[in-house]
Amino acid sequence: MIHNPQSSAPDLRSDVVPQHIGLILDGNRRWAKSQGLPTLEGHRRGYENLKTIARESFNLGVKYVSAYIFSTENWSRTKEEVDYLMNLAMKMATKDAKELIKENIKIIVLGIEDRVDPKLIKAWRDAEEDSKNNTGGTLALCFNYGGQIEITDAVKRIVQSGIETKDVTPELIESNLYHPELPAVDFMIRTSGEQRISNFMLWRMAYAEMYFADVHWPDFSIEELGRALDEFASRNRRFGGN
């Protein structure tokens with residue numbers, strides 16, 4: 432990769448840029464601890480970094496960025512932490528969504544409504560509606576989300592529709608996922624050195640290339656993104672073949 436000395440953004444050929452990047456934003460709390468800061472500050476920094484990395488990804492030609500911002504398992508954290516994460520989500524669904532929409536970014540949300548404040552649900556729906564015609568890149572926010580639940584819900588919809596077993600196909604299941612227009616993940620990036628997928632987009636990740644960065648999410652910079660995309664460009668994707 433050749434870097435432009437006038438910019439920190441990587442210079443990449445359009446034919447090697449992934450269409451869809453999935454992000455597991457790991458290490459916010461560990462980053463805060465390493466900096467001697469409160470845990471909640473780690474989440475705030477990570478949240479701000481998501482906007483930076485999403486914008487840069489779209490600038491580079493990526494069409495879809497999916498981010499795991501709150502899992503169905505995250506409810507087990509302390510009430511203080513959960514409340515703070517809900518407040519960050521409301522900020523993203525309102526103030527920040529307006530900024531992103533002005534930048535021609537489309538926002539979609541994947542997840543379930545269980546336990547979520549109705550005001551936040553409405554704010555997410557409004558952001559989706561207000562950005563539905565935008566074409567500058569799609570930011571998919573996985574909020575109160577779990578990959579197993581997504582597939583389970585897809586199967587439930589198929590069963591409820593009365594379709595016979597013999598007519599159930601992978602394509603049918605895919606068409607019943609949350610936001611079925613969202614394509615398969617080409618490239619999954621997880622930060623903080625953890626090497627697992629943690630119930631993230633299990634169906635869409637079937638043939639994804641995976642990249643595990645050692646840095647915590649708040650330190651995942653544009654330069655780190657460039658290194659990750661260099662790695663993606665060097666791989667020979669086989670999609671299950673030899």
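The numbering used here runs 431 ahead of the 1-based position in the sequence shown. Where is the CB? At the ideal position from N, CA and C, for every residue including glycine. As the structure is a computational prediction, the values presented were derived from the model and not from experiment.
Check	Outcome
Enclosing beta strand (DSSP E) for Arg-621 [first to last residue]	618 to 621
Top-ranked residue by Cα proximity to Gly-578, from Asp-557, Val-513, Ser-497	Ser-497
Through-space distance from Lys-597 to Leu-603, alpha-carbon basis	11 Å
Inter-stretch contact at 8 Å, needing at least 3 Cβ pairs: the segment 621 to 631 / the segment 606 to 613	no
Within 8 Å, strictly: CB atoms of Val-540 and Leu-572	yes
For Ser-592, three-class secondary structure by DSSP	coil
Same chain, Cβ closer than 7 Å to Asp-548, neighbours up to 5 away in sequence not counted	Met-517
Sub-8 Å separation of Phe-643 and Gln-626 beta-carbons	yes
Helix, strand or coil at His-610 [DSSP, three-state]	coil
Same chain only: Cβ atoms within 7 Å of Pro-436, ignoring 5 sequence neighbours per side	At Pro-436, the pLDDT of 34 sits below 50, so the modelled position is not reliable and the matter cannot be decided from this model.
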